[in-house]
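Visitor:
There are 2 protein chains.
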Amino acid sequence: FIPDHIFPFFQTTSSALKGAIQLGITHTIGSLSQKPERDVLLQDFEVVESIFFPCEGSNLTPAHHYGDFRFKTYAPMAFRYFREMFGIRPDDYMYSLCNESLIELSNSGASGSLFYVSRDDEYIIKTVQHKEAEFLQKLLPGYFMNLNQNKRTLLPKFYGLYCVQSAGKNIRIAVMNNLLPSAVRMHLKYDLKGSTYKRRASAKEREKAVPTYKDLDFIQDMPEGLSLDADKYNALCKTLQRDCLLLQSFKIMDYSLLVGIHNVDQACQEQANEEAGAGAKGQVQKALYSTAIEAIQAEVGHMGSMETEDRTGGIPARNSKGERLLVYIGIIDILQSYRLAKKLEHSWKALVHDGDTVSVHRPGFYAERFQKFMCNTVFRKNALKTSPSKKRRAGAGPVKRAAGSGPSLMTQASSSSTAQSPLLQHQASSDTREDSEADKSEDERAQKL
Amino acid sequence: FIPDHIFPFFQTTSSALKGAIQLGITHTIGSLSQKPERDVLLQDFEVVESIFFPCEGSNLTPAHHYGDFRFKTYAPMAFRYFREMFGIRPDDYMYSLCNESLIELSNSGASGSLFYVSRDDEYIIKTVQHKEAEFLQKLLPGYFMNLNQNKRTLLPKFYGLYCVQSAGKNIRIAVMNNLLPSAVRMHLKYDLKGSTYKRRASAKEREKAVPTYKDLDFIQDMPEGLSLDADKYNALCKTLQRDCLLLQSFKIMDYSLLVGIHNVDQACQEQANEEAGAGAKGQVQKALYSTAIEAIQAEVGHMGSMETEDRTGGIPARNSKGERLLVYIGIIDILQSYRLAKKLEHSWKALVHDGDTVSVHRPGFYAERFQKFMCNTVFRKNALKTSPSKKRRAGAGPVKRAAGSGPSLMTQASSSSTAQSPLLQHQASSDTREDSEADKSEDERAQKL
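So the sequence lines, in the order shown, correspond to chains R and Z. Each step along the first sequence adds one to the number in full-length UniProt numbering, with nothing skipped, and position 288 is 288. Each step along the second sequence adds one to the number in full-length UniProt numbering, with nothing skipped, and position 238 is 238.
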């Protein structure tokens, strides 16, 4: 399946696009490895390297049957640095993406993007629009700063940004970490924003084997949220707070938390029924800090939890029935702020409709509501220390939840959330730009409505 | 002594300026400590905080007798991060700068800047011009990137940038690391650029107790240069290479290497003559990576060399007589590129005068010549392993140099210097700006002349 706006450029199948991407990445990584190691400089973020791949081949490029194309690599030195920071060796990167065929994912989403995943499950390739690629380039210095201060982040890991240019048309692609390992069966999937306006999965989405549900679905399905051990809950909220601050500083909104839930207990039963099923014992991811648990807490290389024997980097959690879960999360869709202008009309309709629950607001408001929703509603701090249960590994049955722990969790969670607010407020007040006042008044207006 | 352009603002003495600086820094560090820890964001580099200090005091500021003034702090969050990176605690910073009186240095140099040193020898306060302060602010994102990739650097450590505004006039000051610990007697001092044009200390400078000599003086006084152990020589050249690349990327020129030389053997004799002299056993510097040896090589906290029992962070070296030296170095005057326009006329005169030895050239040429001079002429790799001499600690006499090691060192040094060139060339070629071609042709022209 190729969306209409991409179809004309690679007319045969998406295999031509995949082939061009693989030729291009092979070349760019090869040529990069010949450049000497040196520090990344500020101007490296703006470099674009370009190479032409004629069908008949050249002294630099092999012959191929994808039609003449040009391959552009954005900020090659900067992305090399990012990959190094994430422990990705050039050979591994090239091998994963180029030596085995890419798998096209069917869930292209509302954006009309194409998604490919590398066969080893490490990398996602996503087509991005012109404005998104441009925005990512602008983001790179801030991204660099964040990575250096804060390797634990739920933000997308950007490993590369490229453009395939064919017949005068451009297809831009970003290579990112894969949030949901395909070896792990996701029993539930959510795309959460902290908004309730039109945040319910469509009838069409619900027909899928594993639909991506939304905020209203979550509130309905899991009113008690996902229960995490205190240390994991605190680490998660801290990480979200830092990530949201960065997103807010770039005036980014409309991002989501993608949540994949693997139910360990359910998987055990299924496995018993289905014989050898796809349990949570999939392949270990190789990049550093790229799994959910590493993104918030665990030491790299020490992420196997005793309780679940999980080596896929899921965050151990429980549902209200006490069933053991592995939760895979990441912040997605951070490059789409430019759509704001388009959505303004929708925003006003929404404002009239349900006041402060509108999805499109000013960045500070969006960030705060997002954090509140995640740390008060979606994730809850488990008052019980679950470490004793680690010894009960054989017993796969559900663990009873202590009565009354629900309400007390609520209180804890909301108090920790108010503790976060001053930080965002400080950011707003030290913000010297003229629109900070405008922000505030609009936020206040929205809250009063 | 106060230069003319500063005199009118603080009419009494420089003590009013010192007092205002101390009040201002005390306030800004105090108010910063009340702000929560958070990651530094890109826009933090542009923030300027300002507070008014009326003579009669306010609810935020104490009364004082320096005349009404306003104190501005540039990029407070960014500099807090830099200080943290250098292991400087807020209390220590404030105490060193504000709780004891600042010492004014008499060598204000050609720039007309005032210099103060903190009583504990840690910090230098230097007055900088408007354009220099502006340039430093522009430099901060690149400085941040450098610091994160490269803690070992001979570039100035910038700990703070402030402005004292009084009677409508501004005095901008930068707080930096002190390169030459005052507890260590410097027997020789050089300001080196790699140029020979007019690079000789003036007659007036020579009258001083310890004059700051220049390139031509060095070539004359120390034709065999300063001999370093291979590991230290390599570390030094590597550090200079990285630093020069950064400077070049910002089109900075006209910087110098400040070299302070303490002659250990000479000091021993002096000490014998003078009884308790000021030897090389001064106070240990507290900031991380701030001494010369840390800037190129030694582990922080492990910089005491057996041979010299040096705890002041000097780099062990030898002169041609085999005398033991401690060398204190750092790159200075990196903020003055804006003067280029003014100097163009001078540059043309110089070009006519002695061709490729002109001090003012395009940044790439300047950086390469600077590195070549330091790594071929000033510093030489010692072919002899000097570790056996560590056991001879009692014998303070000069160690004989192996005959013939001079010329072979030259060859080694120049081959290692050509190995550095491709890196700079690569930088120039990946540089997408239009003037990179212009750079090259001018460099070539200069080299041909």
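Backbone N, C-alpha and C fix where the C-beta goes; we use that ideal spot for every residue, glycine too.
(1) Rounding to the nearest angstrom, what Cα-Cα distance links I219/R and T377/R in this structure?
(2) From T26/R to Y95/R, what does the alpha carbon distance come to, in whole angstroms?
(3) Going straight from the alpha carbon of K18/Z to that of A235/Z, what length do you get?
(4) At a Cβ threshold of 9 Å, is residue 468/R touching chain Z?
(5) Across which residues does DSSP place L257/Z in a beta bridge pair?
(6) Got a sec: is the Cβ-Cβ distance from L94/R to anything in chain Z below 9 Å?
(7) Could you pull out every unbroken alpha helix (DSSP H) segment of at least 4 residues lying fully inside the stretch 7-59 of chain Z, listed in chain order?
(8) Name the DSSP beta bridge partners of C163/R, please?
(9) Looking at the secondary structure, which residues open and close the beta strand (DSSP E) in which P156/R lies?
(10) Using three-state DSSP, classify I293/Z as helix, strand or coil.
(11) From R119/Z to T153/Z, what distance separates their C-alpha atoms?
(12) Using a Cβ-Cβ cut-off of 9 Å, state whether M176/Z counts as contacting chain R.
(13) Please list the terminal residues of the continuous beta strand (DSSP E) segment that includes T239/Z.
(14) Does the contact criterion of 3 or more C-beta pairs under 8 Å hold for the stretch 260-274 of chain R versus the stretch 181-188 of chain R?
(15) If you measure from the beta carbon of S249/R to each beta carbon in chain Z, is any gap under 9 Å?
(16) Taking a cut of 7 Å between CB atoms, which residues from the stretch 130-162 of chain R lie near chain Z?
(17) How big is the Cα-Cα spacing for A446/Z and C163/R?
(18) Do Y74/R and R83/R have their C-beta atoms closer together than 9 Å?
(19) Report, in whole angstroms, the separation of the C-beta atoms of L257/Z and M374/Z, which I expect to be a contact under 8 Å.
(20) If you scan the stretch 127-153 of chain R from start to end, which runs of the beta strand (DSSP E) of 3 or more residues do you find wholly inside it?
(21) Could you name the residues of the same chain whose beta carbon sits closer than 8 Å to that of L180/R, not counting the 5 residues immediately before and after it, in chain order?
(22) Quick one: what does DSSP say S227/R is sitting in, helix, strand or coil?
(23) Kindly say whether residue 452/R, judged by its beta-carbon, lies nearer than 9 Å to any beta-carbon of chain Z.
(24) Could you tell me whether any Cβ in chain Z is nearer than 9 Å to the Cβ of L245/R?
(25) For the candidate residues F69/Z, A63/Z, A292/Z, whose alpha-carbon lies nearest to that of I51/Z?
(26) Judging by CA-CA distance, which residue of E134/R, I124/R, S58/R is the nearest neighbour of V47/R?
(27) Whose C-alpha, out of L226/Z, E132/Z, N382/Z, is nearest the C-alpha of N319/Z?
(28) Note down the Cα distance separating A78/Z from N148/Z, rounded to an integer number of angstroms.
(29) With H, G and I counted as helix, E and B as strand and the rest as coil, what does DSSP make of F379/Z?
(30) Over what stretch of residues does the alpha helix (DSSP H) that includes R206/Z continue unbroken?
(31) Can you check whether the CB of L288/Z is closer than 9 Å to the CB of F86/Z?
(32) When DSSP labels each residue in this structure, what does A209/Z get in the three-state scheme?
(33) Tell me where the alpha helix (DSSP H) around L216/Z begins and ends.
(34) So, at 6 Å on beta carbons, what are the nonlocal neighbours of R172/R in its own chain, with the 5 sequence-adjacent residues on each side left out?
(35) Please list, in chain order, all residues of the same chain as T418/Z whose beta carbon is under 7 Å from its beta carbon, the five residues on each side excluded.
(36) Mapping DSSP to helix, strand and coil, what is P316/R?
Guide: The answer reads as follows:
(1) Numbered from 1 along the first sequence, position 219 holds the residue referred to as residue 219/R. Numbered from 1 along the first sequence, position 377 holds the residue referred to as residue 377/R. Near 8 Å, if we compare the C-alpha coordinates of T377/R and I219/R.
(2) In the first sequence, counting from the first residue as 1, residue 26/R sits at position 26. In the first sequence, counting from the first residue as 1, residue 95/R sits at position 95. Rounded to whole angstroms, T26/R to Y95/R spans 9 Å at the Cα level.
(3) Position 18 of the second sequence, counted from the start, is the residue given in the question as residue 18/Z. Position 235 of the second sequence, counted from the start, is the residue given in the question as residue 235/Z. Going by the C-alpha atoms only, they are around 38 Å apart.
(4) An answer regarding residue 468/R cannot be provided, because it is not within the stretch 1 to 449 covered by chain R.
(5) To locate residue 257/Z, count along the second sequence from 1; it is residue 257. Its beta-bridge partners are L192/Z, I331/Z.
(6) The sequence position of residue 94/R within the first sequence is 94, counting from 1. Just to set this straight, residue 94/R is Met in the shown sequence, not Leu. Output row for M94/R: interface = no.
(7) 14-33
(8) Mapped onto the first sequence, residue 163/R falls at position 163. K72/R, R172/R.
(9) For this step, residue 156/R is matched to residue 156 along the first sequence. Element bounds for P156/R: n/a, residue is neither H nor E.
(10) For the purposes of this step, residue 293/Z is taken as the residue at position 293 of the second sequence. DSSP places I293/Z in helix when its eight states are reduced to three.
(11) For the purposes of this step, residue 119/Z is identified with residue 119 of the second sequence, where counting begins at 1. For the purposes of this step, residue 153/Z is identified with residue 153 of the second sequence, where counting begins at 1. Going by the C-alpha atoms only, they are around 25 Å apart.
(12) Position 176 of the second sequence, counted from the start, is the residue given in the question as residue 176/Z. M176/Z does not count as touching chain R.
(13) Here the question's residue 239/Z lines up with position 239 in the second sequence. Per DSSP, T239/Z belongs to no beta strand (DSSP E); it is in the alpha helix (DSSP H), 230-249.
(14) yes
(15) What you label residue 249/R is simply residue 249 of the first sequence in a count that begins at 1. Yes, its Cβ sits closer than 9 Å to a Cβ of chain Z.
(16) P141, G142, F144, M145, N146, N148, Q149, N150
(17) Indexing the second sequence from 1 puts residue 446/Z at position 446. Indexing the first sequence from 1 puts residue 163/R at position 163. The predicted model places A446/Z with a pLDDT of 34, which falls under 50 and marks its position as unreliable; any figure quoted below should be read in that light. Near 40 Å, if we compare the C-alpha coordinates of C163/R and A446/Z.
(18) By 1-based counting over the first sequence, the position of residue 74/R is 74. By 1-based counting over the first sequence, the position of residue 83/R is 83. Contact flag unset, no.
(19) Translated into the one-based positions of the second sequence, residue 257/Z becomes position 257. Translated into the one-based positions of the second sequence, residue 374/Z becomes position 374. Rounded, the Cβ-Cβ distance is 6 Å, consistent with contact.
(20) none
(21) The residue you call residue 180/R lines up with position 180 of the first sequence. Same-chain partners within the cutoff: M186, K189, L258, G260, Y328.
(22) Taking the first sequence and counting its residues from 1, the one referred to as residue 227/R is at position 227. Strand at S227/R.
(23) In the structure as shown, chain R starts at 1 and stops at 449, and residue 452/R therefore has no counterpart that could be examined.
(24) Along the first sequence, one-based indexing puts residue 245/R at 245. At least one chain Z Cβ lies under 9 Å of L245/R.
(25) For the purposes of this step, residue 51/Z is identified with residue 51 of the second sequence, where counting begins at 1. The option with the nearest alpha carbon to I51/Z is F69/Z.
(26) For the purposes of this step, residue 47/R is identified with residue 47 of the first sequence, where counting begins at 1. Per the Cα distances, E134/R.
(27) For the purposes of this step, residue 319/Z is identified with residue 319 of the second sequence, where counting begins at 1. Nearest C-alpha to N319/Z: L226/Z.
(28) As a position in the second sequence, residue 78/Z is number 78, starting the count at 1. As a position in the second sequence, residue 148/Z is number 148, starting the count at 1. A78/Z and N148/Z: Cα-Cα distance of roughly 13 Å.
(29) Taking the second sequence and counting its residues from 1, one reaches residue 379/Z at position 379. If DSSP states are grouped into helix, strand and coil, F379/Z belongs with the strands.
(30) Against the second sequence, residue 206/Z aligns to sequence position 206. Run containing R206/Z: 203-206, per the alpha helix (DSSP H) assignment.
(31) Counting from 1 along the second sequence, the entry for residue 86/Z is found at position 86. Counting from 1 along the second sequence, the entry for residue 288/Z is found at position 288. Taking 9 Å as the Cβ cut-off, F86/Z and L288/Z qualify as a contacting pair.
(32) Along the second sequence, one-based indexing puts residue 209/Z at 209. Coil, per DSSP.
(33) Translated into positions along the second sequence, residue 216/Z becomes position 216. Its alpha helix (DSSP H) spans residues 215-221.
(34) Sequence index remark: in the first sequence, residue 172/R carries index 172 (1-based). Around R172/R: V128, A133, C163.
(35) If you number the second sequence from 1, residue 418/Z lands on position 418. Low confidence applies to T418/Z: its pLDDT is 34, below 50, so where it sits in the model is not reliable, and the reading given next is rough at best. Answer for T418/Z: no residue qualifies.
(36) Here residue 316/R is taken as the residue at index 316 of the first sequence, counted from 1. In this structure, P316/R counts as strand in the three-state DSSP scheme.
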